[in-house]
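Residue numbers (the numbering used here): 643 to 735. Positions of the beta carbon are idealized from the N, C-alpha and C atoms, including for glycine. Please read the structure below before turning to the comments.
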């Protein structure tokens, strides 16, 4: 348990988060800084798919609702950014 009373993540979830999601974050930030929209679109899609995989791990442990309460804001942010950059990439003006 952490200070908020929420059970800690299992070692399996921590391992997969570290392998899949965390290495993509610096590259994603760098692609935004360099205005590389194609790379940013690919990495945002990858991040959303990774969140789906991690959600399945949480659900397997019976903690799917906890994942949604923790990760809904970052997931919505990634979806909004994906939509925005996708629109700019498809319809440049």
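Taking the alpha carbon of residue 687 as the point to measure from, which residue in 676, 706 and 726 has its own alpha carbon closest? 726
Option nearest residue 713 by Cα separation, candidates 653, 729 and 659: 659
I believe residue 689 touches residue 666 by the beta-carbon criterion, under 8 Å. Please report the beta-carbon distance rounded to the nearest angstrom. 6 Å
Buried versus exposed call for residue 709 [16 or more other C-beta atoms within 10 Å across all chains shown]: buried
Considering residue 658, what are the terminal residues of the alpha helix (DSSP H) in which it resides? 653-658
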